[in-house]
Structures are given as C-alpha cells and as structure tokens.
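Undergrad: Quick one: structure below, then a few questions.
Number of protein chains: 4
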Amino acid sequence: MTTIGIDIGGTKIAAGVVDETGRVLAQTRRATDALDPEAIESAVIACVAELRSGYDITGVGVAAAGFVSPNRDGMRFAPNIAWRDYPLRDRLARGIEVPIVIENDANAAGWAEFRFGAGRNARSMVMLTLGTGLGGAIVLDDRLLRGAFGVAAELGHMRVVPSGHYCGCGHEGCWEMYASGRALTRAARNALITDEDRAGRLRELAAADGGKVRGQHVTLAAAEGDPLSRDLVTELGRWVGAGIADLVAILDPELFVIGGGVADTGDLVLEAARASFRDQLSARGYRPEAQIVLAEMGSEAGIVGAADLVRH
Amino acid sequence: MTTIGIDIGGTKIAAGVVDETGRVLAQTRRATDALDPEAIESAVIACVAELRSGYDITGVGVAAAGFVSPNRDGMRFAPNIAWRDYPLRDRLARGIEVPIVIENDANAAGWAEFRFGAGRNARSMVMLTLGTGLGGAIVLDDRLLRGAFGVAAELGHMRVVPSGHYCGCGHEGCWEMYASGRALTRAARNALITDEDRAGRLRELAAADGGKVRGQHVTLAAAEGDPLSRDLVTELGRWVGAGIADLVAILDPELFVIGGGVADTGDLVLEAARASFRDQLSARGYRPEAQIVLAEMGSEAGIVGAADLVRH
Amino acid sequence: MTTIGIDIGGTKIAAGVVDETGRVLAQTRRATDALDPEAIESAVIACVAELRSGYDITGVGVAAAGFVSPNRDGMRFAPNIAWRDYPLRDRLARGIEVPIVIENDANAAGWAEFRFGAGRNARSMVMLTLGTGLGGAIVLDDRLLRGAFGVAAELGHMRVVPSGHYCGCGHEGCWEMYASGRALTRAARNALITDEDRAGRLRELAAADGGKVRGQHVTLAAAEGDPLSRDLVTELGRWVGAGIADLVAILDPELFVIGGGVADTGDLVLEAARASFRDQLSARGYRPEAQIVLAEMGSEAGIVGAADLVRH
Amino acid sequence: MTTIGIDIGGTKIAAGVVDETGRVLAQTRRATDALDPEAIESAVIACVAELRSGYDITGVGVAAAGFVSPNRDGMRFAPNIAWRDYPLRDRLARGIEVPIVIENDANAAGWAEFRFGAGRNARSMVMLTLGTGLGGAIVLDDRLLRGAFGVAAELGHMRVVPSGHYCGCGHEGCWEMYASGRALTRAARNALITDEDRAGRLRELAAADGGKVRGQHVTLAAAEGDPLSRDLVTELGRWVGAGIADLVAILDPELFVIGGGVADTGDLVLEAARASFRDQLSARGYRPEAQIVLAEMGSEAGIVGAADLVRH
C-alpha cells in the first residue's frame with residue numbers, strides 16, 4: 089500500500105511516494121505562489137499525477153502550516169498562504185480520485201518521527217521542530233493529538249515569561265520567542281551590541297551573507313566552536329529544556345524529539361536542554377525521566393508523515 | 089453493574105457504591121492513619137465488606153493523592169501517606185476478590201466530571217481542582233490521560249513565572265503557587281501588610297478562627313462582597329486563566345472544569361479566569377474557544393470517578 | 089543675569105534667551121544635520137549670535153541627547169548625532185566667548201521642572217520624560233545628579249522584567265520598553281491582533297495617518313475615550329508606577345514629575361501610575377509617600393533647563 | 089576630636105570610641121532587650137558614660153536598623169525593636185550632654201567604608217550588605233544619601249522579578265529575596281529536594297547544627313569547595329550583579345562595596361556579580377565601568393560610621 093505525501097511550504101511544494109515502511113520511493117517538487125490558492129492546487133494535482141504513474145497509490149496526505157479543520161478536510165487559517173476556512177480537500181479532490189487527508193505540517197513531521205524515526209519504539213512522544221519558529225506535535229498512546237478544534241500542539245505559544253518578548257501572534261513571552269531560529273537571530277543581534285568583543289565571527293559570517301546576522305550564522309559558528317555562538321545556542325537549549333519540563337508536568341510522555349535547523353547544533357542544544365529539563369523537573373527522583381533525543385527523519389519528514397497519516 | 093469507589097485522603101477514607109449512571113447508592117467512611125499503611129488497607133477492606141452486602145459489586149476503584157504506577161496497581165509515591173513503590177492493589181486483593189484499580193485522586197475526580205458532571209457532553213476536557221494545591225486531570229478523545237509513567241496532569245507544577253514563588257516541590261514559579269488555596273492564603277497574608285486599610289474583614293475572620301488568615305477566609309469574605317477579598321480572588325482567577333491559555337496551546341480541549349474549594353467563589357473566579365484566558369489565547373478569532381465552567385459533582389467526585397474507572 | 093539655552097535635537101536646534109526666573113525672552117531655531125557636527129556647531133554659534141544682540145548674556149547652556157562627559161565639556165556618545173568622545177564645548181568656544189556648559193537633554197528638562205515648574209517647591213525630585221523613549225533626571229538635595237561618569241539617571245534602562253522585551257540597547261526587559269511612546273506603539277500593534285473587535289478607532293487613526301498605528305494614535309484615542317486605548321495607557325501607567333516604586337526604594341525623593349508626549353493623557357496615566365506605585369511601595373504606612381504629578385514646563389523645558397544650569 | 093559610635097542591634101549594643109581616622113580606641117557592649125526601649129536607652133547611656141572617662145568626646149552617633157526620621161532625631165519605625173515614631177535622640181539626651189545623631193545601621197556601615205574602608209578613594213559609592221537581609225547605603229558626591237523622608241537606600245526592596253518570591257515586606261520579587269543570607273537559605277532548602285545527589289555536604293553541616301540547612305552552611309561549604317554550594321553562591325552573585333546594573337543605570341556611582349556574611353565567600357560571589365553586571369550593563373563600551381569590591385571594615389563598620397557621621 090503506497091501513498092503520496094505532499095508538503096506545501098511557503099515557497100515550494102514537495103511531494104513523494106512513500107511505502108508502508110516510510111521509505112520515499114519517488115519525489116518531485118513545484119514552486120509555490122503563496123498568494124494564489126488555485127495555482128497551489130494545480131501544482132499539487134500535477135505532482136500527484138506525475139508520481140502516480142508506476143505506483144499503486146491508495147491515498148494522498150497533504151501537510152501545510154496553519155490550523156487544519158478538525159475533520160481534516162480543510163484549512164481554517166494559514167500564516168503564509170491565502171487560506172481562510174478553505175475547503176482544501178474538496179478543491180484537490182477535483183483532480184485526485186483517491187482519499188485525501190489534510191494535516192498540519194508540524195504534526196506530519198512529528199508523526200513521521202513517531203512511526204519511522206527517533207520515536208519508532210515509543211508509545212508517547214512530543215516532537216519539537218526548532219525552525220524559524222517552534223512547531224510541535226504530540227503523540228499519546230500511539231495517537232496523534234489533534235485537539236477538539238484541530239489546533240493542538242501549538243507549543244510555540246505556551247507563555248514561558250509573563251510580560252516577556254513580543255511574539256508575532258500578538259502576545260508576550262511565547263516559548264517560540266526563546267527557542268527557535270528567530271530567537272537565535274534576535275539574541276545574536278543583541279550580542280553584537282552587548283558583547284562586541286566576542287562577536288567577531290558572527291560579524292564575519294553576517295558580512296559575507298548580506299549584512300545582517302541570522303540564526304543560521306549562529307548555528308554554523310557554534311559548530312565551528314565560536315564561544316559566543318556556543319553560549320547563545322546553550323542559552324536557547326536551556327529554554328528548550330524549561331519548556332520540556334512544563335510539558336512533562338502536563339503530558340508525561342516518554343520521549344522528546346528535537347528537529348529543525350537549530351537541532352543541527354546537535355549535542356550542544358541537546359545537552360543544554362537536558363540539563364535545564366532536569367533542573368526544573370518536578371518530583372525528580374520519584375519518577376522515570378523522559379528522554380530527549382535528536383530527530384532522525386530530516387527534511388522528508390513532512391512528506392513521509394503526511395503519506396502515513398492517510399493510512400491512519 | 090455497580091462498583092465501589094474509595095477515596096483515601098490524608099485524614100479519612102470515604103467509600104461508596106456507585107451505579108453505572110454515577111449515582112451513589114450507599115456510603116461509608118473511616119478515619120485514616122497516614123503513617124500506617126496496614127491500618128489503611130484494613131479500613132479499605134472493611135469499607136468494601138460493609139458496602140458489598142446488598143449490592144452486586146463487580147470491581148473496586150481506589151483513589152489517592154500521589155503518583156500511581158503506570159499499570160495502576162500501586163503507588164509510586166504519596167505526599168501524605170507512607171507509600172513508596174507500594175503494591176497497594178496486591179495488598180488490598182488479600183481481602184477483596186473483585187478487580188481493583190488504583191488511580192490518582194485528581195484524575196478520579198476529573199473523570200467523574202467528565203462522565204457524569206460538567207463534562208458529560210464533552211469529548212476532551214481538563215479539570216482543575218483548586219483546593220489547598222492545584223490538582224489536574226486531562227481527558228482527550230474520551231480517554232483519561234495517564235502518561236507514559238502514570239504521572240500526567242501534574243498541572244500545578246507547570247512553571248508560570250521564572251524565578252517566581254517557591255513551591256514545596258523545590259522549584260520556583262509553579263502554577264500551584266499562584267492558583268490554589270495556598271496561594272490565596274499567602275496573598276491574603278501579604279495584603280494584611282500592604283493593604284492594611286482594606287483588610288479589616290479578613291482580620292476579623294482570622295481572629296475568630298485562631299488568628300492566622302487562610303484562603304478559606306478570603307473565599308468567604310469574597311462571597312460576602314469584601315472588596316479586598318474580591319480583588320484577591322480575581323487576581324487568582326487571572327492566573328487560572330493564564331495557565332488555561334497555555335493548556336489550550338498544548339491540548340486544545342473543548343472544556344475546562346474548575347472545582348475545589350476556591351471554586352466556591354463561583355462567578356468571581358470564573359469571570360476572571362475567562363477574561364485572562366481570552367486576553368492570552370493565541371490566534372483568538374481563528375479558532376473556537378474552549379469553555380470554562382464550574383464543577384458539578386461536589387465532594388463525591390473522587391468516589392464516583394474511582395468507581396467508574398474500574399469499569400473502563 | 090540672562091543666559092542662553094540651546095536644545096540640540098535630531099532634526100532641529102532650538103535656542104532661547106532665558107532670565108533668572110526661567111522666562112524665555114526670545115527664541116530662534118535652525119534645522120539640524122545629524123551627520124554633520126560642524127554644521128551643527130555653526131548653527132549653534134549663529135543662534136547665539138542672533139540672540140545676543142539686545143541681551144547681556146553671561147553664559148550658554150547646551151542640551152543634547154546622549155552621554156555627556158563628567159566635567160560637562162563634551163559628548164562621550166550620542167545616539168542621533170555623529171559625536172563620539174567629542175569636545176563640543178571647545179568647538180563651540182571658537183565662536184562663543186561666554187562660558188559654555190554641556191548637559192544631557194533629559195537632565196536639562198528635569199532641571200527646568202525642578203527650578204521653575206512642577207518641582208519648584210521640592211528639594212528632591214525625579215523627572216520621567218515619557219517620549220519615544222523614557223528619559224530621566226534626578227535632583228537630590230537641590231543638586232542635579234550627574235553620576236561619577238556623567239551618565240546617571242538613564243532610568244529607561246533599569247531592568248523591570250528578566251528575559252523581558254528586547255530593547256534597542258541590546259538588553260532585555262528595560263523599563264523603557266514598558267513605559268514610553270515606543271512601548272505604547274508596540275502594545276497597540278499587538279492589540280490590533282489580539283483585541284481586533286475593540287481596535288476600530290486605532291485602525292481608523294492609523295489608516296488616516298499612513299497605515300501603521302503609533303503611540304500618538306493611542307494617546308489621542310485615549311483622550312477621546314476609546315476603551316482599548318484607555319486600557320493600553322492604563323497598563324503603561326502601571327509600569328510607570330512600578331518603576332517609581334523601585335526608585336523610591338533607592339532614592340526616597342519627595343516628588344516624581346511625569347512629562348513627554350505620553351503625559352498628554354494626563355490623569356489617565358497619572359492615576360494608573362499612582363495606584364500601582366502604592367500597590368508596590370515597600371513599607372507603605374510607615375513613611376510619607378512621594379507625590380506623582382505632571383510636568384508644567386512644556387517643550388521649552390530643555391532650553392530653560394540648559395540656560396539655568398550654566399548659572400549653577 | 090574623638091566621638092562615640094553606638095550600634096544597637098536586635099540582641100546587643102556595641103559601642104566604641106573612634107578617632108578622626110576611623111580607629112576604634114576603646115569598646116564596650118551590652119545585651120539588648122528589644123521589647124524594652126527604656127532599658128535600651130539606659131544601656132546606651134551607660135556605654136557612653138563608661139567610654140567617656142579618659143576621652144574627650146564631642147558627639148555620639150547611634151546606628152540602628154529601621155527608618156530614621158529625616159532630621160535624624162528619632163526612629164520612625166524599627167523591625168526588631170519596639171520603636172514607632174520614637175524620639176530617640178531626646179530620650180538619650182537626658183543622659184548624654186554632647187550632640188547626638190541617629191542613623192540607619194546600613195547607612196552607618198556604608199559611611200564607614202566610604203570614609204575609611206574600601207571606598208576611601210571614591211567620591212560616589214554604593215554599599216551592599218549581604219547579611220540575613222540586603223541592606224544598602226548610597227554615597228553621592230561625598231554625601232550620604234538620606235532621602236526626602238530619611239529612608240533612601242532601602243535597596244533590598246527594589247523589585248527584580250515581577251510576581252517573584254514573597255518578601256517579608258508584603259511584596260513580591262524584592263531583590264533581598266534573591267541576594268541575601270535568607271535567599272541562600274531558601275535556595276539551599278530547595279536544592280536538598282531538587283538536587284539531592286549533590287546535597288550531601290549541606291545535609292551534613294545542617295545535621296551537625298540542629299537539622300535545618302541555613303545560608304551560613306552554604307557559605308562555609310562553598311569555601312570548602314562543595315560544588316552545589318558554589319553553584320548556589322554563584323547564582324546569588326548573579327542576582328547581586330543584576331541589581332547592580334540597575335543601580336548603575338540610576339546612580340552611575342564609581343564603586344560598589346559588598347559586605348555582610350555572604351561576602352565571606354569572597355571571590356566567588358564577587359566574580360559572579362561582576363560577570364552578570366557586565367552582561368546587563370547598558371551602553372557598555374561607551375562608559376567607564378563601576379568597580380565591585382569587598383568591604384574592608386568588618387563588624388566594627390557600624391560603630392565607626394555612626395561615630396564619624398556625628399562629625400558631618
């Protein structure tokens with residue numbers, strides 16, 4: 089039983105044929121015009137048509153950023169694409185005959201880790217995707233938590249600091265503003281001001297890349313061993329661990345999986361997260377401790393997870 | 089199919105025969121000696137023996153404060169009773185022939201609300217018990233969330249303020265220290281110092297009750313209309329709502345049920361919680377909003393929930 | 089004994105002849121080219137030359153934003169003008185024969201209030217200028233506090249929230265980010281997202297003024313009675329009061345004077361500041377309470393204060 | 089010109105003859121009965137009588153904890169002694185003919201450091217006494233800051249964390265609750281719960297000293313090299329530095345002097361304070377940096393400062 093998984097991003101659509109073991113058998117992609125839903129639909133339909141030749145496809149899973157409707161047939165709202173209470177499944181069904189399921193992209197990626205990646209031996213798991221923002225997915229007792237209204241696991245918007253950093257969501261102190269690529273960018277820009285003497289490597293990388301320092305420069309410099317960048321990633325890791333301690337108090341999962349670009353710093357962010365998690369874990373010593381590990385599925389996680397969810 | 093529910097507290101054991109609709113058909117109780125596990129077991133067995141005469145009992149559910157083992161056969165740890173990795177089910181089975189299930193008391197109370205009380209029409213729900221501390225229970229897709237290690241829904245230990253109030257758990261800023269009877273007690277004692285002019289009614293109630301002001305005095309005075317006490321309950325309600333907003337970001341349930349002694353202030357705490365929840369709800373306007381209501385089951389919730397859980 | 093006061097801003101130079109009672113007898117102004125220190129000096133010298141005819145001038149006081157050197161002869165650093173360890177006094181002395189004193193502009197404005205405005209009957213006073221940023225001046229025992237290094241009273245950079253809002257200074261949680269026009273702008277933009285239903289008037293004002301809502305729209309709408317804007321100003325006022333309580337713990341002055349554009353909201357910001365100050369004042373009831381009042385000197389405060397400081 | 093300095097504590101009165109260079113020429117002491125103001129006065133008068141024989145005494149300075157009246161003739165309020173708007177100077181004058189001045193004890197100790205100790209070469213200085221609580225003294229332009237109402241430099245009650253630790257003053261988040269012996273005690277008790285494995289040495293010291301761990305055990309163990317205790321002192325030092333950064337933004341002094349029992353940890357607390365001060369110092373690099381050093385005067389600082397203040 090092979091299915092197709094499609095990951096609709098802000099700038100491109102990636103699609104793949106995925107088998108029951110999570111292997112990607114074939115892939116294709118198209119550019120996205122975020123302002124033109126019809127063009128997106130045509131591109132998705134074209135991807136499916138292209139991939140179907142040669143495979144017996146039993147369903148199509150579509151992942152996209154935003155709020156998915158509870159019965160997984162449409163997008164309530166998307167941050168990057170002009171969708172608002174949009175019947176995406178019906179629109180796609182005009183050109184795709186097999187069953188279609190819509191899912192949030194972070195959920196799809198988390199599901200892929202749960203089924204085939206770092207969480208394949210777990211029964212409950214939380215995935216944290218530290219990309220530009222902080223995406224989340226929650227699996228409890230082998231089931232993806234979708235929420236009463238389809239918008240569970242918006243983990244980046246837990247408030248970790250009252251009156252804290254402003255978030256694009258309009259609120260203050262969201263976890264995402266302390267634990268994401270965006271957070272790293274902001275922290276690095278501040279460090280250029282407050283820690284000028286140690287910021288040489290970041291200035292170099294920024295200068296070579298158009299001028300403004302960004303999170304990616306920090307993860308790169310941290311990997312090289314730059315002390316300031318390592319401090320910045322460590323601080324971010326501490327916030328990751330602090331939020332994990334909150335999630336443990338609520339969900340008590342056995343596993344946390346860290347993915348996304350910031351996770352490329354590997355052990356650095358992981359060790360900091362583990363340490364601050366342990367520091368803040370309630371009733372430590374009276375309970376087993378959840379594990380925190382890196383994701384394994386890479387950038388295909390969205391495709392694989394979406395493809396698999398259409399089977400569940 | 090009638091079952092028995094038993095609620096083991098720090099000072100007493102309450103037991104009842106409960107039918108499938110959640111009605112309590114008969115009740116009994118015994119005093120608890122928290123230091124003597126054997127005496128507790130004898131008392132539980134005696135309660136069951138007393139209640140079984142005249143009813144066809146198919147199971148016994150036992151609720152107690154503390155960490156329950158994942159397979160619900162024992163107590164990993166209890167704050168009030170001398171249990172530590174304690175095989176409570178086997179111990180009780182010496183004198184009880186029907187199936188026995190152990191459950192955390194807040195979970196049992198929450199389950200009762202879900203099945204027969206304020207949550208009976210919901211499919212997902214979070215119960216907050218604002219007693220001395222802040223207890224929680226989480227029901228998702230009709231299932232009680234128990235956690236990978238049996239200790240989910242320790243909601244009182246989410247951190248809501250970094251470097252915030254000290255908690256008995258050894259950490260700082262736990263939600264419980266801002267939203268519980270204990271929090272109300274502490275806030276009231278501070279108000280006696282900082283808001284002396286308005287604290288007359290609280291001083292009176294405290295003086296008539298042994299000297300020190302406690303949370304109960306505040307809820308009582310608030311019900312009478314005392315302005316300072318109403319301010320204190322309102323402030324507590326704001327913290328309740330703030331934590332609810334975090335839980336919505338994570339769990340996206342359709343309903344929150346507020347119980348425990350502080351909930352006796354009714355609309356006052358409820359309105360404050362609703363307002364601050366709305367203020368802090370991420371993506372408000374793009375999603376349905378969870379409801380926040382008062383609990384309906386009263387003090388028998390533990391018995392009823394425990395009795396029902398043995399059937400599930 | 090008349091002196092001249094000069095206020096060098098980012099876009100204009102304002103100058104005036106001021107008598108010993110703080111009256112402005114004559115005024116003139118020039119445009120500023122912030123990138124060209126020599127042009128600024130020529131403009132200042134021209135202002136002085138113009139104003140001296142007809143008055144017996146005994147000194148010139150010059151106010152500008154930035155860090156003034158301890159002996160008041162130059163600018164260590166300016167945020168808006170290309171000065172860095174700049175010998176401004178000597179440069180100006182080439183074209184001005186009377187004594188010259190350089191002073192920070194917030195200090196000059198505060199001194200004017202102390203000598204001739206809201207603080208004229210006080211012996212110790214703190215001035216808070218709630219403009220785009222939050223400027224401060226401190227007068228203790230009739231003396232302007234300049235600091236060991238000339239940079240006292242940078243009150244906007246007290247940290248009021250650990251891990252709080254990012255500040256342009258590179259740090260987090262600075263008071264200025266909670267109590268200034270910039271803070272009001274940011275809070276209003278967030279309210280457009282989180283409190284859409286009540287933001288109609290702010291959207292109107294912003295639309296009529298180029299599109300983006302700014303702090304000035306909020307103070308204007310608050311003056312009209314717009315409920316959301318009044319809430320935003322009240323919240324800002326609470327942060328003003330909270331910081332004042334800190335300053336009282338440190339300095340114990342008898343008076344706080346609130347000026348700057350945000351103070352145009354008058355009683356609204358004042359009442360909120362007073363209330364939160366009282367809520368947070370340590371040892372209230374055991375000490376007299378500092379007064380909090382509005383500034384009286386208006387936009388000429390910088391000129392008047394600079395002119396008077398050259399006499400002291 | 090020799091004077092007498094008297095330090096009235098909660099349990100004892102210490103008195104000494106002090107010369108113009110700050111040397112203590114003779115000393116005596118009496119026990120204090122905090123509930124009996126008359127007994128305290130008799131004891132003070134007796135101390136003075138005893139010390140006057142053999143010295144030509146021109147004045148008596150009296151230091152005590154609490155709020156001193158602005159003209160230094162009485163105690164507005166004392167935390168430990170039954171004084172409330174108490175005319176202490178007149179009461180003492182019944183038995184002492186030379187001029188008497190009353191001063192807050194932290195102010196007296198700070199003045200001693202300024203005149204004869206770590207601050208003798210400074211013109212502006214802040215003293216932080218990290219004892220059970222956090223006391224402060226501020227010297228600006230060679231003058232002790234007393235405040236409009238006599239209660240300046242209550243530095244321990246600056247709020248460093250909104251909704252933070254409860255303080256005995258009735259408020260939340262006071263600096264004293266993060267940077268004092270009391271804070272160390274509380275942090276250590278928490279560490280016994282949350283960091284059990286590393287708390288062995290603290291448990292030993294507490295057991296050998298009556299059972300409960302106290303701040304003194306932490307400073308002792310830290311001096312021995314105990315890793316957990318060193319972490320606790322370091323964390324305290326960070327809060328010291330964070331508050332110092334706030335004081336620099338306000339007062340811009342050239343020097344901070346750290347005294348009190350916690351300062352016995354020496355370099356450990358000092359290095360942590362310096363590092364976090366630098367991390368949080370606004371406009372670092374554009375201004376000279378205040379120095380942070382240890383106090384030099386020891387336990388006689390109160391006597392020496394009080395004795396010297398009667399001359400000023």
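Residue numbers (this note's numbering), protein chains in the order written: chain G, 89 to 400; chain Z, 89 to 400; chain W, 89 to 400; chain D, 89 to 400. Beta carbons: idealized from backbone N, C-alpha and C, even for Gly. As the structure is a prediction and not an experimental result, all values here were calculated from the model.
Residues in the segment 152-166 of chain D with C-beta within 8 Å of chain W's C-beta atoms, listed in sequence order?
TA: If the cut-off is 8 Å between Cβ atoms, the segment 152-166 of chain D has F155, R164, F165 near chain W.
Undergrad: Going by C-alpha distance, which of G:M163, G:I338, G:D283 is nearest R372 (chain D)?
TA: Looking at the Cα atoms, G:D283 is the closest of the given residues.
Undergrad: Between the segment 191-203 of chain W and chain G, which residues of the former have a C-beta closer than 9 Å to a C-beta of the latter?
TA: The residues in question: there are none.
Undergrad: Using the beta-carbon of each residue, which ones in chain D are nearer than 7 Å to C135 (chain W)?
TA: Here the premise fails: no neighbours, minimum Cβ distance about 28 Å.
Undergrad: For R179 (chain Z), name the three-state secondary structure that DSSP assigns.
TA: Correct three-state label for R179 (chain Z): helix.
Undergrad: Report the three-state DSSP secondary structure of N209 (chain G) (helix, strand or coil).
TA: N209 (chain G): coil per DSSP, three-state reduction.
Undergrad: Quick one: using the 10 Å Cβ neighbour count with 16 as the cut-off for buried, is L113 (chain D) buried or exposed?
TA: Classification of L113 (chain D): exposed, given that the 10 Å Cβ count is below 16.
Undergrad: CA-CA distance, L316 (chain G) and A103 (chain W)?
TA: When rounded, the distance between both Cα atoms is 46 Å.
Undergrad: Please name the residue or residues paired with G224 (chain G) in a DSSP beta bridge.
TA: G:L216, per the DSSP bridge assignment.
Undergrad: Please identify the residue among D:G390, D:G269, D:I101, D:L397 whose C-alpha is closest to the C-alpha of H305 (chain D).
TA: H305 (chain D) has its Cα closest to that of D:G269, out of D:G390, D:G269, D:I101, D:L397.
Undergrad: Using a Cβ-Cβ cut-off of 8 Å, state whether I96 (chain Z) counts as contacting chain D.
TA: No, its Cβ sits nowhere closer than 8 Å to a Cβ of chain D.
Undergrad: Strictly under 8 Å for the Cβ-Cβ distance: is R274 (chain Z) near chain D by that measure?
TA: Answer yes: the Cβ-Cβ gap between R274 (chain Z) and chain D drops below 8 Å somewhere.
Undergrad: Relative to chain D, which residues along the segment 221-252 of chain G have a C-beta separation below 7 Å, given in chain order?
TA: Residues P250, S251.
Undergrad: In whole angstroms, what separates the C-alpha of A166 (chain Z) from that of G244 (chain Z)?
TA: Cα-Cα distance, rounded: 16 Å.
Undergrad: Closest Cβ-Cβ distance between N278 (chain D) and chain Z: below 8 Å?
TA: Taking Cβ atoms only, chain Z reaches closer than 8 Å to N278 (chain D), which makes this a yes.
Undergrad: Hey, how far is the Cα of R362 (chain Z) from the Cα of K100 (chain G)?
TA: Their Cα atoms are separated by approximately 40 Å.
Undergrad: Go ahead and label L358 (chain Z) buried or exposed: buried means 16 or more other beta carbons lie within 10 angstroms of its beta carbon, across all protein chains shown.
TA: Counting Cβ neighbours within 10 Å, L358 (chain Z) comes out buried, since at least 16 surround it.
Undergrad: I believe I145 (chain Z) touches T91 (chain Z) by the beta-carbon criterion, under 8 Å. Please report the beta-carbon distance rounded to the nearest angstrom.
TA: Contact flag correct, Cβ pair sits at about 6 Å.
Undergrad: Within 8 Å of any Cβ in chain W, is that where the Cβ of I380 (chain D) sits?
TA: Closer than 8 Å: no.
Undergrad: Can you find the residues in the same chain that come closer than 7 Å, C-beta to C-beta, to T116 (chain W), ignoring five residues on each side of it along the sequence?
TA: Closer than 7 Å at Cβ, skipping near neighbours: A103, C135, E138, L139.
Undergrad: Among G:G235, G:A119, G:W199, G:G142, whose alpha-carbon lies nearest the alpha-carbon of V398 (chain G)?
TA: V398 (chain G) has its Cα closest to that of G:W199, out of G:G235, G:A119, G:W199, G:G142.
Undergrad: Three or more beta-carbon pairs under 8 Å between the segment 240-260 of chain Z and the segment 373-384 of chain Z, yes or no?
TA: Output reads no: the segment 373-384 of chain Z does not touch the segment 240-260 of chain Z.
Undergrad: Say whether chain D places a C-beta atom closer than 8 Å to the C-beta of G373 (chain G).
TA: True, the Cβ-Cβ gap to chain D drops below 8 Å.
Undergrad: Of all the CB atoms in chain D, is at least one closer than 8 Å to the CB of R208 (chain W)?
TA: It does not: the Cβ of R208 (chain W) has no partner Cβ on chain D nearer than 8 Å.
Undergrad: Starting from K300 (chain G), follow its DSSP beta bridges and name the residues at the other end.
TA: Answer by DSSP bridge pairing: none, since K300 (chain G) is not bridged.
Undergrad: Could you check if R326 (chain W) is buried or exposed, using at least 16 other CB atoms within 10 Å of its CB as the buried criterion?
TA: Looking at its Cβ environment, which holds 16 or more other Cβ atoms inside 10 Å, R326 (chain W) is buried.
Undergrad: Quick one: list the residues of chain D neighbouring T91 (chain Z), beta-carbon separation under 7 Å, in chain order.
TA: Those within 7 Å of T91 (chain Z) in chain D number zero; the least Cβ separation is about 38 Å.
Undergrad: Compute the beta-carbon to beta-carbon distance between A196 (chain D) and G390 (chain D), rounded to the nearest angstrom, for a pair I have assumed lies under 8 Å.
TA: Sure, about 5 Å apart at Cβ, within 8 Å.
Undergrad: So which residues on chain D does G390 (chain Z) lean against when the C-beta distance must stay under 7 Å?
TA: Correct list: empty, because the minimum Cβ distance to chain D is about 27 Å.
Undergrad: Where A395 (chain Z) and I94 (chain Z) are concerned, what is the direct C-alpha to C-alpha distance, given to the nearest angstrom?
TA: Cα-Cα distance, rounded: 7 Å.
Undergrad: Indicate the three-state DSSP secondary structure (helix, strand or coil) for A114 (chain Z) in the structure shown.
TA: Three-state result, A114 (chain Z): strand.
Undergrad: Kindly indicate the opening and closing residues of the alpha helix (DSSP H) around V321 (chain G).
TA: Element bounds for V321 (chain G): 315-339.
Undergrad: Taking the alpha-carbon positions, what's the D107 (chain D) to A275 (chain D) distance?
TA: Approximately 42 Å, taken between the alpha carbons.
Undergrad: Given this structure, state the Cα-to-Cα distance separating E242 (chain Z) from V214 (chain G), to the nearest angstrom.
TA: Each residue's alpha carbon lies about 17 Å from the other.
Undergrad: Taking Y254 (chain D) as the query, report the chain Z residues whose CB atoms sit under 7 Å from its CB, ordered along the chain.
TA: Per Cβ cutoff of 7 Å: H253, R274, N278.
Undergrad: Ends of the beta strand (DSSP E) at N192 (chain W)?
TA: From DSSP, the beta strand (DSSP E) with N192 (chain W) extends over 188-192.
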